Structures are given as structure tokens and as C-alpha cells.
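Structure first, then comments.
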Amino acid sequence: MRAIRHDDERLVWDETPAIPGPGAHEVRLKVAWADVNRADLMQRAGHYPPPPGASTVLGLEVSGTITELGDDVRGLSVGQPVCALLAGGGYAEEVVVDAHQVLPLPEDFSLREAAALPEVFATAWLNLFMEGALGAGDRVLLHAGASGVGTAAIQLCRAFGYPCFVTVGSEAKLAACRELGADAGWNRHEGSFVDAVQRWGGADMILDPVGASYLADNQRVLNEDGRLVVIGMMGGRQAELDMGRMLMKRQRLIGSTLRARPPEAKGRILAALAEHVWPRLAAGELRPLVDRTWPIEEAEAAHDHVRADANTGKVLLEVGSA
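First residue of the sequence shown? That's 1 in the UniProt record's numbering, and the numbers climb one at a time after it.
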């Protein structure tokens, strides 16, 4: 089969050995679309290695068609269009994945649309509702609001009744986030977000992919009993924590990743999506936001687009017809 070979210099679409399997609890997919995530850029730069045993090929989510089932797989069928959450391997013609990490498409969704769902909605749901424990009356601060995860989180906040404030990198992105349902926002090029968020009423929960450079300001705007969920380190990995503020306001700092969780844990997250999110997608209440697409042979251009922070929503790679 063919897959992307990579180093920190270039991406090459080339012949690669076929994947063995599937195992008893796995399925084989013919990949139609793969997604570009910032984690892919971090991996090729050497900052985010795949979990032990996972494919070293880039790609954390795909859509495609099931071509083979493991002996113990139930509830899925050969020829069925699905989307899948991966620990790696998505930039390829085929992928083998644990059945816990596979979901049927929402009703009337195409494979292109469905490719933009698994990672962003799983990450947003996990960190808003499971790690962040959103409750009645909570107010949410979303950093990188125009990212794939950010645009999914905005829509989930709107759908489930949680006001959200976003930080973004341009006025155009701020307008796009407001259209999706953000209550208010701030262009990070205008300086610190602290005063604007405090005027808004502060945050009871913060979803932050930036990390170290935002820690002090996040603490300033986090309300009593607030939860700060850190899901990335775009702004560095080391910063000074104000323990006094943390204690006096009973703030909680939570580190969260999705990729390295075992299949059963990912399956519980996807089961929650199937129950709470998929019906809303089918009804048109939520939607995937696709920024641009490229053929898999032009994956380097797609990476450049994401690296430049030019996207609002998801960037997709077309791998093959289903």
C-alpha cells in the first residue's frame, strides 16, 4: 500500500509494507479522507512521539470503508462507511484500528464531512464534560477558538447552554467564532485577554491548548472552583504557578491528552458522542467546519497552511475514493 513517509524536512507519498491484521477486536479500513492536526506537525518535529505500539505514520483520524473485520467484532459490517479515531497511521491507503475507536457516520453525512468529526468532537467532549465537568451556569473560556477543537467546542457549548468566550488570532476568525455561537471573544494580537474576560464575568472552565505562556493569565480569570484543562503546549511547557491563588480560589489544573488512552477509554468517549452528539449532527444543530482540502500527495502544503495558523476549522487530505 501507499502511505506518507516523513521527517522534519518533507512528506513523501510512497510505497510502504502492508499492514498485518486485523486482530480479533480490530477492523481494517480503506481510507477515504484523513485529517491534519497540529499534533501531526509536533510529531514530525520530534515533540510528540506516538504511543508504544502505535503506527509511526502521521494521522489521528480518518473516514473510510470497512474492508475486513476481526473475529470478535460485533455491530459493524464489511462495506460500512465509518469514521475512526487513531493513535497514528491515518496518512495511508489503509489503516487497522480497534473497533472501540470506530463510529458509523451520522445520518446523511458524507465521508468527507465525517472525516472532520472524530478527533475534534472527542477532544472537545472529553475535556468540556468529562475532565472539565461542566455544570449548570458555568462559563467557558476557549483558547484557539478557530481551531478544529475550538470550533467543535463552541458548538457544543452553544448546544448544551454554556456561554463561551474565545481567543483567536484575527478579526476574521473572531467573526467566524461568533457565527458558530461564541458569546464574546478577543483577538490575541490586541494584548492580554485578562481584562476582557473579567468584564465578561470570568471563566468557570478553561480549555487551553497553549500552555505555559497563558498560565498566569488563565489563573487571573479563573473563578472560584474553576477548572483549567490544558491540552497542548503551543506556548511552552514550563511556567510559574501561583499556588496562593490556586488555593484561595480552589482552582484545579488538569492535564489531558486523548491519543495515548487505551481503546476502551476512547470507546467510552465515542459512545458518549454517539449518544449525545451524533443525533445533533444528523439534525443539523451541529456541523463539522472544513477549512480546506488537499490531495494526499500535497500533504506538505496542508501542513504549511496549519503551521501558518491560517485555518478556521479542519484541514483534510483526500486519500482515495471509498
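C-beta: ideal position from N, C-alpha, C; glycine also. None of the values given here were measured: they were computed from a predicted structure.
1) Could you name the residues that DSSP lists as bridge partners for Val12?
2) Using the three-state DSSP reduction, which class does Asp98 fall into: helix, strand or coil?
3) Report the residue from Asp309, Glu318 and Glu9 whose alpha carbon sits nearest the alpha carbon of Gly148.
4) Would you call the region 223–231 and the region 120–140 in contact, with 3 or more CB pairs under 8 Å?
5) Reducing DSSP to helix, strand and coil, say where Lys30 ends up.
6) Among Glu318, Val12 and Met233, which residue has its Cα nearest to the Cα of Tyr48?
7) Beta-carbon within less than 7 Å of Gln198's beta-carbon, same chain only, minus the 5 sequence neighbours each way: which residues are those?
8) Can you give the Cα-Cα distance for Ala212 and Ala39, rounded to whole angstroms?
9) Classify Gly267 as helix, strand or coil using the three-state DSSP reduction.
10) Please go through the same chain and pick out, in chain order, the residues whose beta-carbon is closer than 7 Å to the beta-carbon of Tyr214, but skip the five residues on each side of it.
11) Using a 10 Å radius around the Cβ and a threshold of 16 neighbouring Cβ atoms, would you call Cys45 buried or exposed?
12) Pro279 lies in the alpha helix (DSSP H); which residues open and close that run?
13) Just how far apart, CA to CA, sit residue 356 and Ala115?
14) Taking 8 Å as the cut-off, decide whether the C-beta atoms of Ala203 and Leu141 are in contact.
15) When we look at the beta-carbon of Arg245 and count the other beta-carbons within 10 Å, is it buried (16 or more) or exposed?
16) Fully enclosed by the region 153–215, which beta strand (DSSP E) runs are 3 residues long or longer?
17) DSSP three-state label for Glu68, please.
18) In whole angstroms, give me the CA-to-CA distance for Pro106 and Leu241.
19) Just how far apart, CA to CA, sit Asn37 and Leu60?
20) Does DSSP put Asp108 in a helix, a strand or coil?
So, to answer that:
1) In the DSSP output, where bridge partners are listed per residue, Val12 has Arg5.
2) Here DSSP, grouped into helix, strand and coil, assigns Asp98 to strand.
3) The closest CA to that of Gly148, considering only Asp309, Glu318 and Glu9, is found on Asp309.
4) By the Cβ test, the region 223–231 is in contact with the region 120–140, since at least three Cβ pairs between them sit closer than 8 Å.
5) Three-state result, Lys30: strand.
6) Considering only alpha carbons, the answer is Met233.
7) Within the same chain, and ignoring the five residues on either side of Gln198 in sequence, the residues whose Cβ sits closer than 7 Å to its Cβ are Val221.
8) Looking at the two C-alpha atoms, the distance is approximately 17 Å.
9) Gly267: helix per DSSP, three-state reduction.
10) For Tyr214, where only same-chain residues beyond five positions count, the Cβ hits under 7 Å are His143, Asp208 and Gly235.
11) A small correction: the amino acid at residue 45 is Ala; Cys does not occupy that position in the sequence shown. Looking at its Cβ environment, which holds fewer than 16 other Cβ atoms inside 10 Å, Ala45 is exposed.
12) Taken as a continuous stretch (DSSP letters only), the alpha helix (DSSP H) holding Pro279 covers Trp278 to Ala282.
13) Past the edges of the chain, shown from 1 to 322, lies residue 356, and the structure says nothing about it.
14) Contact check for Ala203 against Leu141 passes: the beta carbons are separated by less than 8 Å.
15) Classified as exposed, Arg245 has fewer than 16 neighbouring CB atoms from the shown chains inside 10 Å of its CB.
16) Qualifying beta strand (DSSP E) stretches, in chain order: 164–168, 184–187 and 203–208.
17) DSSP places Glu68 in strand when its eight states are reduced to three.
18) Whole-angstrom Cα-Cα distance: 42 Å.
19) Straight-line Cα distance between these residues: approximately 7 Å.
20) In this structure, Asp108 counts as coil in the three-state DSSP scheme.
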